[in-house]
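Undergrad: For the sequence shown, the UniProt record's numbering assigns the number 1 to the initial residue and increments by one for each residue that follows. Ideal Cβ positions, reconstructed from N, Cα and C, are used throughout, including at glycine.
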Amino acid sequence: MWLYILVGVLALVAGVAIGFFIARQYTMNYLKKNPPINEQMLKVMMAQMGQKPSQKKINQMMKAMNNQK
1 MWLYILVGVL
11 ALVAGVAIGF
21 FIARQYTMNY
31 LKKNPPINEQ
41 MLKVMMAQMG
51 QKPSQKKINQ
61 MMKAMNNQK
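1. Given this structure, state the Cα-to-Cα distance separating residue 1 from residue 19, to the nearest angstrom.
2. Rounded to a whole number of angstroms, what is the C-alpha to C-alpha distance between residue 63 and residue 39?
3. Just the Cα atoms here: how many angstroms apart are residue 45 and residue 56?
4. Between the C-alpha atoms of residue 9 and residue 16, what's the straight-line distance to the nearest angstrom?
5. Please confirm whether residue 22 and residue 43 have their CB atoms less than 8 Å apart.
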């Protein structure tokens, strides 16, 4: 009886671990293909805030965001 419970618990733990790694890999691939923010989005945001975005400033902001990853 206790053997069935042990096998069930081990199968549950293995399923959770495998599911976690599959979900993590999927999310990383999705974010690599569809980055959350790009240069065009930064230009639009800065323009909406009333700033005139220069390419140098946009490059600095993109570099800072990429370093945070």
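TA: Straight from the coordinates:
1. Counted from its first residue, the sequence shown places residue 1 at position 1. Counted from its first residue, the sequence shown places residue 19 at position 19. Cα to Cα, the separation comes out at about 27 Å.
2. In the sequence shown, residue 63 corresponds to position 63, counting from 1. In the sequence shown, residue 39 corresponds to position 39, counting from 1. C-alpha separation (whole angstroms): 11 Å.
3. By one-based count along the sequence shown, residue 45 stands at place 45. By one-based count along the sequence shown, residue 56 stands at place 56. Near 16 Å, if we compare the C-alpha coordinates of residue 56 and residue 45.
4. For this step, residue 9 is matched to residue 9 along the sequence shown. For this step, residue 16 is matched to residue 16 along the sequence shown. Residue 9 and residue 16: Cα-Cα distance of roughly 11 Å.
5. Along the sequence shown, read from residue 1 onward, the residue named residue 22 stands at position 22. Along the sequence shown, read from residue 1 onward, the residue named residue 43 stands at position 43. Contact: no.
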